[in-house]
Amino acid sequence: MDTAILIDIVKSGLVLGALYALMATGLSLVWTTLGIFNFAHGAFIALGAYLAWQFSSTDAWGLPMVPAILLSSVVMFAIGALLHFLLVKPFERRQDIVLISVISTLAGAVILENGLQLIWGARSKQIPSLADGAVEFGALSLRNSELLLMALVLAILLCVGMFLRYSRPGRSMRAVAQNQDAAALLGLNVPLYFSIVFGIAALTAGLAGVFVGTLRFMSPSMGSEPLMKALIVVIFGGVARFSSPIYAALIIGQIEAFSVYFVGLYWAPAVLFFTMIVVLLFKPEGLFGKYQRTL
């Protein structure tokens, strides 16, 4: 294999890994804190992309990109908290909350997806690139948009990680994740922190959708594939720590990039699923996982 091709594959894997890390972070937070999988997560990704397009496109509001992304992030946080209140909170005391949450969040995903099509139509849209031009390092060419994307994802994940570790609300969320009953006895408003977790998950998913929307055309159903990849990342890496899905995402990104080169685009998902199954055979809790749920 030519060195330039190898470097290009690794670069593509890093971009994919960064996107998957951002997609999987919110999904992992919800599972770690509430003990459920949020199947509306893919719809959050699509909604975040469409909101950013609405705020930034010259065919809509026409705001500069930075204010548009910030505004869409605020809206996504509010929508995430609201959907927790509507779709999950009414069933939190039920014994079969895991099954009910699958049904309720799937219903939420369908409603959001159809809402996107109703409001913005089925025609494809695209968010303008984050940056123009490229940086040349000999035979290696890195687009500025890719460099900025990876830098922004790193900054976002660092901010979320520092919020969870050092802020008072973040430490309270970790306490809720470790033991809900004990946290409630200490006076913590457990349902409020559940809503905050859902809001953060929606915010990070929406930002991932924005970045995806700068790389390819958007559609109301664009969240389905990212949801599948985020699920693979979370299951592959486990949820022992906040960093577990991030490391897993970087590995999955490289596996997918090399799979696309060697076996083709259509067989790459099969390689990902096969890899995940092999890992689960030897480490059922995930590659970086433990059996307990903690942040």
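Residue numbers for the sequence shown follow our numbering, beginning at 1 and rising by one.
Quick reminder that beta carbons are idealized off the backbone N, C-alpha and C, glycines included.
Given 8 Å, three or more beta-carbon pairs between the region 212-219 and the region 114-133
Taking a contact to require three or more Cβ pairs closer than 8 Å, the region 212-219 and the region 114-133 qualify as touching.
So what does Ser141 bridge to, in DSSP terms?
Per DSSP, the beta-bridge partners of Ser141 are Glu136.
Just the C-alpha distance for Val151 and His84, rounded to the nearest angstrom, thanks.
Before going further, note that residue 151 is Ala rather than Val in the sequence given. As the crow flies, the alpha-carbon of Ala151 is around 30 Å from that of His84.
Is DSSP giving Lys125 helix, strand or coil here?
In this structure, Lys125 counts as strand in the three-state DSSP scheme.
Sub-8 Å separation of Leu34 and Val263 beta-carbons
no
According to the neighbour-count rule (16 or more other Cβ atoms, all chains shown, within 10 Å of its Cβ), is Asn38 buried or exposed?
buried
Measure the alpha-carbon distance for Val10 versus Arg143 and round it to whole angstroms.
14 Å
First and last residue of the uninterrupted alpha helix (DSSP H) at Asp59
From DSSP, Asp59 is part of no alpha helix (DSSP H); its letter is neither H nor E.
Best match in Leu99, Val212, Gly286 and Gly187 for proximity to Val153 [C-alpha to C-alpha]:
The shortest Cα separation from Val153 among Leu99, Val212, Gly286 and Gly187 belongs to Val212.
Let's see if you can read the secondary structure: which residues bound the alpha helix (DSSP H) around Pro191?
Note, Pro191: alpha helix (DSSP H), Val190 to Leu215.
Among Val210, Met222, Ile246 and Ser259, which residue has its Cα nearest to the Cα of Trp53?
Looking at the Cα atoms, Val210 is the closest of the given residues.
C-alpha distance - Ile251 paired with Ala43, whole-angstrom precision:
25 Å
Leaving aside the five residues before and after Val30 along the sequence, list all residues of the same chain whose C-beta is less than 7 Å from its C-beta, in chain order.
Ile36, Asn38, Val197, Phe198 and Ala201
Count the other C-beta atoms from every protein chain shown that fall within 10 angstroms of the C-beta of Lys229, then say buried if there are 16 or more, exposed otherwise.
buried
Less than 6 Å between C-beta atoms, sequence neighbours within five positions excluded: which residues of the same chain meet that for Leu27?
His41, Ala230 and Val234
With DSSP as the reference, label Thr294 as helix, strand or coil.
Because Thr294 carries a pLDDT of 49, less than 50, the predicted location of this residue cannot be relied on, and no value is offered for it.
Met218, DSSP secondary structure in three states
strand
Enumerate in chain order the residues of its own chain whose CB-to-CB distance from Leu16 is below 7 Å, with the five nearest sequence positions on each side excluded.
Here the set comprises Gly253, Glu256 and Ala257.
Could you check which residue in Leu287, Ala21 and Tyr247 has the C-alpha nearest to that of Thr204?
For Thr204, the nearest C-alpha among the options comes from Ala21.
Could you please give the first and the last residue of the uninterrupted alpha helix (DSSP H) stretch that includes Thr20?
Note on residue identity: the sequence assigns Tyr, not Thr, to residue 20. Counting along the chain, the alpha helix (DSSP H) containing Tyr20 begins and ends at Thr3 to Leu34.
Please return the same chain residues whose Cβ sits closer than 6 Å to the Cβ of Leu63, not counting the five positions on each side in sequence.
So the qualifying residues of the chain are Phe55 and Ser56.
Best match in Ser12, Arg93, Pro90 and Leu116 for proximity to Gly48 [C-alpha to C-alpha]
Leu116
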